[in-house]
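> Numbering (our numbering), first residue to last: 367 to 523. For every residue, glycine included, the Cβ atom is placed at its ideal position computed from N, Cα and C. Remember, predicted model here, so these are calculated numbers, not experimental data.
The structure is reproduced here in structure tokens:
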């Protein structure tokens, strides 16, 4: 009897003009994070937005109108066995940080994807020791995916 691999679907919605990046690789990265932490089966919805859109969402859900890199939600229904994650990524912030950190926008978008998923899988970054552990895990995942260290990459200037 064959064992069926648990399904992890990833939907990507660019709500703003997005720089070209490998969407298949991006989807595989989301699937790998979910598998690595046992979040299977799962649905992952990723929306790529700009500063203005993320500011509105940040104000609506967190009562602060500042821009941010990523917002994530666990929308899993307790009655459903499928994990349901919603990740909203700010491409404007990704472009700025990619330039500052001297790597591609795709690598920075991937960092935000992993960061948002890790938040919903039990990681936090409120305290320095938690942040260090989370960022180390992000870089470990991104290195395994072929991006190298993204969070801990050398910064310009």
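Residue range of the beta strand (DSSP E) that residue 449 falls in?
The count along the chain shown starts at 1 and reaches residue 449 at position 83. Residue 449 -> beta strand (DSSP E) spans 449-456.
> Measuring only the C-alpha atoms, how far is residue 447 from residue 375?
Start at 1 with the first residue of the chain shown, and residue 447 comes out as number 81. Start at 1 with the first residue of the chain shown, and residue 375 comes out as number 9. Rounded to whole angstroms, residue 447 to residue 375 spans 14 Å at the Cα level.
> Whose C-beta lies closer than 7 Å to the C-beta of residue 388 among residues of the same chain, with five residues either side of it excluded?
As a working mapping, residue 388 is identified with position 22 in the chain shown. These residues qualify, in order along the chain: 472.
> Drop a sphere of 10 angstroms on the beta-carbon of residue 493, count the other beta-carbons inside from all chains shown, and report buried for 16 or more, exposed for fewer.
The sequence position of residue 493 within the chain shown is 127, counting from 1. Its Cβ having fewer than 16 others within 10 Å, residue 493 is exposed.
> Straight-line CA distance for residue 450 to residue 465?
The residue you call residue 450 lines up with position 84 of the chain shown. The residue you call residue 465 lines up with position 99 of the chain shown. Each residue's Cα considered, the two are about 32 Å apart.
> Just to confirm before moving on: does the CB-CB distance between residue 452 and residue 411 stay below 7 Å?
Here the question's residue 452 lines up with position 86 in the chain shown. Here the question's residue 411 lines up with position 45 in the chain shown. Taking 7 Å as the Cβ cut-off, residue 452 and residue 411 qualify as a contacting pair.
> Does the segment 386-403 come into contact with the segment 423-438, if we say contact requires no fewer than three beta-carbon pairs (one atom in each stretch) closer than 8 Å?
Counting Cβ pairs under 8 Å, fewer than three are found: no touch.
> Give the straight-line distance between the Cα atoms of residue 514 and residue 508, rounded to the nearest whole angstrom.
Residue 514 sits at position 148 when you count from the first residue of the chain shown. Residue 508 sits at position 142 when you count from the first residue of the chain shown. Each residue's alpha carbon lies about 6 Å from the other.
> Taking just the CA atoms, how far does residue 516 sit from residue 474?
Numbered from its first residue, the chain shown carries residue 474 at position 108. Numbered from its first residue, the chain shown carries residue 516 at position 150. Near 7 Å, if we compare the C-alpha coordinates of residue 516 and residue 474.
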